[in-house]
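Right, one structure below, let's go through it.
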Amino acid sequence: MLYAILCYNDEDAVCAWSKEEDAAVMAKLQVVQDRLAKEGRLGPVARLLPTTAATTLRKDRDPPLVIDGPFAETKEQFLGFYVVDCAGLEEALQIARDLGAVNPGGSYEIRPVGYFKPGSVGA
Amino acid sequence: VSEVAWIDAALTSARPQALGALLRYFRDLDRAEEAFQEACLRALKTWPQNGPPRDAAAWLIMVGRNVAIDQVRRQRKQQPLPAEDVISDLDDAEAELAERLDGQHYRDDILRLLFICCHPDLPATQQIALALRVVSGLTVKQIARAFLVSESAMEQRITRAKSRVGAAQVPFETPGAVERSERLAAVAAMIYLIFNEGYSAGSAEAGARAPLCEEAIRLARLLLRLFPAEPEIMGLTALLLLQHARMAARFGADGSIMLLEDQERGLWDRTLIAEGLALIDKAVRHRRRGPYLAQAAIAALHARAAKAQDTDWAQIDLLYAALEQLQPSPVITLNRAVAVSKVRGPEAALAMIEPLAAQLSGYFYFFGVKGGLLMQLGRAAEARTVFNRAIALANTPAEAAHIRLHLDRLMEPGVPPAIARPHRE
Numbered sequence: 172m173l174y175a176i177l178c179y180n181d182e183d184a185v186c187a188w189s190k191e192e193d194a195a196v197m198a199k200l201q202v203v204q205d206r207l208a209k210e211g212r213l214g215p216v217a218r219l220l221p222t223t224a225a226t227t228l229r230k231d232r233d234p235p236l237v238i239d240g241p242f243a244e245t246k247e248q249f250l251g252f253y254v255v256d257c258a259g260l261e262e263a264l265q266i267a268r269d270l271g272a273v274n275p276g277g278s279y280e281i282r283p284v285g286y287f288k289p290g291s292v293g294a
Numbered sequence: 465v466s467e468v469a470w471i472d473a474a475l476t477s478a479r480p481q482a483l484g485a486l487l488r489y490f491r492d493l494d495r496a497e498e499a500f501q502e503a504c505l506r507a508l509k510t511w512p513q514n515g516p517p518r519d520a521a522a523w524l525i526m527v528g529r530n531v532a533i534d535q536v537r538r539q540r541k542q543q544p545l546p547a548e549d550v551i552s553d554l555d556d557a558e559a560e561l562a563e564r565l566d567g568q569h570y571r572d573d574i575l576r577l578l579f580i581c582c583h584p585d586l587p588a589t590q591q592i593a594l595a596l597r598v599v600s601g602l603t604v605k606q607i608a609r610a611f612l613v614s615e616s617a618m619e620q621r622i623t624r625a626k627s628r629v630g631a632a633q634v635p636f637e638t639p640g641a642v643e644r645s646e647r648l649a650a651v652a653a654m655i656y657l658i659f660n661e662g663y664s665a666g667s668a669e670a671g672a673r674a675p676l677c678e679e680a681i682r683l684a685r686l687l688l689r690l691f692p693a694e695p696e697i698m699g700l701t702a703l704l705l706l707q708h709a710r711m712a713a714r715f716g717a718d719g720s721i722m723l724l725e726d727q728e729r730g731l732w733d734r735t736l737i738a739e740g741l742a743l744i745d746k747a748v749r750h751r752r753r754g755p756y757l758a759q760a761a762i763a764a765l766h767a768r769a770a771k772a773q774d775t776d777w778a779q780i781d782l783l784y785a786a787l788e789q790l791q792p793s794p795v796i797t798l799n800r801a802v803a804v805s806k807v808r809g810p811e812a813a814l815a816m817i818e819p820l821a822a823q824l825s826g827y828f829y830f831f832g833v834k835g836g837l838l839m840q841l842g843r844a845a846e847a848r849t850v851f852n853r854a855i856a857l858a859n860t861p862a863e864a865a866h867i868r869l870h871l872d873r874l875m876e877p878g879v880p881p882a883i884a885r886p887h888r889e
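Protein chains in written order, with the working numbering: chain W, 172 to 294; chain Z, 465 to 889.
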């Protein structure tokens with residue numbers, strides 16, 4: 172069984188870390204990740220850029236609506252995610268529109284990824 | 465992260481919101497600050513025992529308010545309000561007791577708090593000092609260090625700024641749309657000032673002043689969260705991120721200035737660049753031009769070039785042309801001339817800056833750029849005169865040393881000359 176572990180924290184506080192503090196946390200996480208990777212149990216790992224860099228595609232209407240900022244509707248739950256390689260926001264939005272066309276309702280939050288490791292599970 | 469450090473971080477991040485709301489209640493900066501201070505002290509006492517509240521800002525606002533009201537009641541020998549350790553345990557009671565703090569309210573509170581700091585009567589340095597003290601919550605000592613002045617001088621500066629702000633009437637009603645956008649523009653300019661105060665430092669001071677850049681970025685992100693659909697605020701944030709990304713590459717090991725074209729691009733912070741580029745992507749979708757966005761787009765073209773020679777100077781020229789229209793200034797034309805020299809050659813660039821001579825007669829970079837162009841055209845004697853003028857106007861020893869390097873190169877023909885970029889490089 173694969174499990175996703177979703178990371179939540181106070182963005183203000185994390186963004187206020189100094190470069191050194193941030194690097195120290197990342198180094199400690201790396202140790203845990205390395206162990207999991209060695210055991211062949213680590214899937215993709217991604218650290219997202221701040222929510223201020225987010226865009227949301229609301230696909231509960233036609234045509235879907237693009238709005239600035241992160242997803243904020245409490246009646247919707249986090250159900251899954253994709254990682255796609257794009258030249259920029261417009262390409263990412265087009266992919267989200269294509270996905271939304273066959274899976275309407277709810278929304279997609281589009282967030283740039285700051286750090287990414289593909290992982291070793293199921294390879 | 466230790467518990468005290470965690471609480472400290474929570475108090476810092478709740479500060480603008482909590483202080484902004486307390487300011488709305490008390491309509492007096494000193495009283496609001498006192499109430500916030502008292503609430504923080506109580507947080508340090510009760511949070512380690514009871515655990516952190518769900519909404520730190522709401523807790524601080526309520527406790528800060530209670531403390532102040534309690535003092536008044538005590539003076540009237542009336543009953544005190546419930547203690548704060550009761551409050552933090554009760555989910556619903558907290559929601560019920562706290563004023564309904566919807567996003568709109570918070571937004572105007574924080575904007576007002578920032579706006580008070582950029583009152584037009586205050587000189588720029590006082591605006592920045594006040595914002596760092598009041599909004600960011602830096603200590604007087606930290607601010608004094610960043611400004612390279614004594615603590616007592618900074619204390620005086622902030623006190624003076626506060627009394628001026630106190631005398632000025634800032635309306636506390638919810639602002640209308642026009643007023644809100646005026647406040648937003650003033651606050652954006654102030655945040656850019658804070659950034660430049662840190663960014664314009666020489667290599668010797670860069671370490672001490674870098675926190676100003678980081679603080680400016682923090683404030684820009686805060687503003688962006690409050691106004692997520694304002695392309696100019698996206699542009700401002702992107703501009704700060706893209707410039708700050710080059711921090712580690714801006715000075716050589718000996719403290720000398722590294723021109724953009726000579727910087728080791730591997731030292732640029734790719735994460736900050738990615739965030740800046742993502743924000744520009746978002747902003748351009750709005751199809752609204754603005755000076756911050758144009759400047760950010762120029763910085764982005766530099767950031768996208770893997771090597772200096774890959775830089776898209778033609779596009780940079782166009783963006784500066786747009787910027788000249790949006791915000792006409794001889795300094796922008798001077799900047800544009802550098803791009804023009806790359807696209808159409810030094811002669812065209814020189815013709816472009818000649819008319820600026822009178823306006824920029826005291827401006828170091830004008831003579832740096834002009835000397836560089838003359839040098840490229842092989843007019844060595846004129847270049848030397850102009851460079852000497854630049855040295856006389858240099859703001860820092862590093863700037864003077866940089867121009868001397870050009871003078872040295874003039875002595876050895878055949879070495880391709882580089883042009884000093886007018887500002888911030």
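We put the CB at the ideal spot given by N, CA and C, even for glycine.
Check whether residue i and residue j have beta carbons under 8 Å apart
{"i": "R576 (chain Z)", "j": "V613 (chain Z)", "result": "no"}
{"i": "D781 (chain Z)", "j": "R800 (chain Z)", "result": "yes"}
{"i": "C582 (chain Z)", "j": "A650 (chain Z)", "result": "yes"}
{"i": "R506 (chain Z)", "j": "C186 (chain W)", "result": "no"}
{"i": "I592 (chain Z)", "j": "E661 (chain Z)", "result": "yes"}
{"i": "M698 (chain Z)", "j": "L688 (chain Z)", "result": "yes"}
{"i": "A911 (chain Z)", "j": "A760 (chain Z)", "result": "For residue 911 (chain Z) there is no data in the structure shown, the boundaries of chain Z being 465 and 889."}
{"i": "A184 (chain W)", "j": "S466 (chain Z)", "result": "no"}
{"i": "I855 (chain Z)", "j": "R843 (chain Z)", "result": "no"}
{"i": "T227 (chain W)", "j": "E280 (chain W)", "result": "yes"}
{"i": "L798 (chain Z)", "j": "P755 (chain Z)", "result": "no"}
Reference residue i; option with closest CA among the options
{"i": "I437 (chain Z)", "options": "Z:E497, Z:G515, Z:E739", "result": "This structure cannot speak to residue 437 (chain Z), because chain Z is shown only from 465 to 889."}
{"i": "S291 (chain W)", "options": "W:K209, W:A187, W:W188", "result": "W:K209"}
{"i": "P890 (chain Z)", "options": "Z:A712, Z:E661, Z:L724, Z:G740", "result": "Residue 890 (chain Z) falls outside the range modelled here, since chain Z spans only 465 to 889, and no answer is possible."}
{"i": "G259 (chain W)", "options": "Z:P692, Z:A610, Z:I744, Z:G809", "result": "Z:I744"}
{"i": "A521 (chain Z)", "options": "Z:F659, Z:I574, Z:G699, Z:G630", "result": "Z:I574"}
{"i": "T849 (chain Z)", "options": "Z:E863, Z:I471, Z:G832, Z:P861", "result": "Z:G832"}
{"i": "K288 (chain W)", "options": "W:A184, W:L200, W:I266", "result": "W:L200"}
{"i": "F828 (chain Z)", "options": "Z:N852, Z:A473, Z:L857, Z:R843", "result": "Z:L857"}
{"i": "T510 (chain Z)", "options": "Z:Q791, Z:R495, Z:V468", "result": "Z:V468"}
{"i": "E863 (chain Z)", "options": "Z:H569, Z:A499, Z:S664", "result": "Z:S664"}
{"i": "V254 (chain W)", "options": "W:Q248, W:A263, W:E247", "result": "W:A263"}
{"i": "H975 (chain Z)", "options": "Z:R768, Z:S667, Z:R710", "result": "Residue coverage of chain Z in this structure runs from 465 to 889, which leaves residue 975 (chain Z) outside it and unanswerable."}
{"i": "L475 (chain Z)", "options": "Z:R518, Z:L493, Z:D492, Z:D494", "result": "Z:R518"}
{"i": "A641 (chain Z)", "options": "Z:F691, Z:I796, Z:L874", "result": "Z:F691"}
{"i": "A717 (chain Z)", "options": "Z:L683, Z:L841, Z:E679, Z:A670", "result": "Z:A670"}
{"i": "G809 (chain Z)", "options": "Z:W777, Z:G826, Z:E788", "result": "Z:W777"}
{"i": "L586 (chain Z)", "options": "Z:I622, Z:V604, Z:R768, Z:A764", "result": "Z:I622"}
Under 7 Å by beta carbon: chain A residues contacting residue i
{"i": "G259 (chain W)", "result": "Absence of chain A from the displayed structure is noted, the protein chains being W and Z."}
Other residues of its chain near residue i: CB distance less than 8 Å, five sequence neighbours each side excluded
{"i": "T222 (chain W)", "result": "E182, G240, P241, R282"}
{"i": "A617 (chain Z)", "result": "A608"}
{"i": "V804 (chain Z)", "result": "D781, A812, A813, M816"}
{"i": "A821 (chain Z)", "result": "F830"}
{"i": "F249 (chain W)", "result": "L177"}
Cβ shell of residue i (< 6 Å), same chain only, five flanking positions each side left out
{"i": "A503 (chain Z)", "result": "L524, V527, G528"}
{"i": "A747 (chain Z)", "result": "P695, M698, G699, L757"}
{"i": "P794 (chain Z)", "result": "L820, Q823, L824"}
Amino acids of chain Z, ordered along the chain, whose beta-carbon sits closer than 9 Å to that of residue i
{"i": "D269 (chain W)", "result": "Within chain Z, no residue comes near D269 (chain W); the closest Cβ sits about 18 Å away, beyond 9 Å."}
{"i": "A175 (chain W)", "result": "The premise fails here: A175 (chain W) is roughly 23 Å from chain Z at the closest Cβ pair, so nothing lies under 9 Å."}
{"i": "A114 (chain W)", "result": "Chain W is shown from 172 up to 294; residue 114 (chain W) falls before or after that span and cannot be answered."}
Under 7 Å by beta carbon: chain Z residues contacting residue i
{"i": "L220 (chain W)", "result": "A738, E739, A742"}
{"i": "C178 (chain W)", "result": "Those within 7 Å of C178 (chain W) in chain Z number zero; the least Cβ separation is about 15 Å."}
{"i": "T226 (chain W)", "result": "K746"}
{"i": "D239 (chain W)", "result": "P692, A693, K746"}
Within chain W, partners of residue i - CB distance below 8 Å
{"i": "L688 (chain Z)", "result": "T223"}
{"i": "R685 (chain Z)", "result": "C186, P221, T223"}
{"i": "T701 (chain Z)", "result": "T223"}
Within chain Z, partners of residue i - CB distance below 8 Å
{"i": "D181 (chain W)", "result": "A473, A474, S477"}
Beta-carbon contacts of residue i that lie in its chain and below 7 Å, excluding the five residues immediately before and after
{"i": "L871 (chain Z)", "result": "R848, F851"}
{"i": "E563 (chain Z)", "result": "Residue confidence is low: E563 (chain Z) scores 45 on pLDDT, short of 50, so the model does not pin down where it sits. Its coordinate-derived value is still stated next. The answer is none, since no qualifying residue turns up."}
{"i": "P512 (chain Z)", "result": "E467"}
Chain W contact residues for residue i, given Cβ-Cβ distances below 7 Å
{"i": "T849 (chain Z)", "result": "None at all; the shortest Cβ gap to chain W is about 44 Å."}
{"i": "R682 (chain Z)", "result": "C186, A187"}
Amino acids of chain W, ordered along the chain, whose beta-carbon sits closer than 9 Å to that of residue i
{"i": "A767 (chain Z)", "result": "Neighbours of A767 (chain Z) on chain W: none; closest Cβ ~13 Å, over 9 Å."}
{"i": "T860 (chain Z)", "result": "Here the premise fails: no neighbours, minimum Cβ distance about 25 Å."}
Cβ contact check for the region 599 to 611 of chain Z and the region 635 to 654 of chain Z: 3 or more pairs under 8 Å: Because the criterion of three Cβ pairs below 8 Å is not met, the region 599 to 611 of chain Z and the region 635 to 654 of chain Z do not touch.
Give a yes or no on contact between the region 723 to 733 of chain Z and the region 214 to 231 of chain W, applying the rule of three or more CB pairs nearer than 8 Å. Output reads no: the region 214 to 231 of chain W does not touch the region 723 to 733 of chain Z.
Please confirm if the region 265 to 282 of chain W is in contact with the region 481 to 493 of chain Z, defined as three or more CB-CB distances below 8 Å between the two stretches. No: the two stretches stay apart, fewer than three of their Cβ pairs being nearer than 8 Å.
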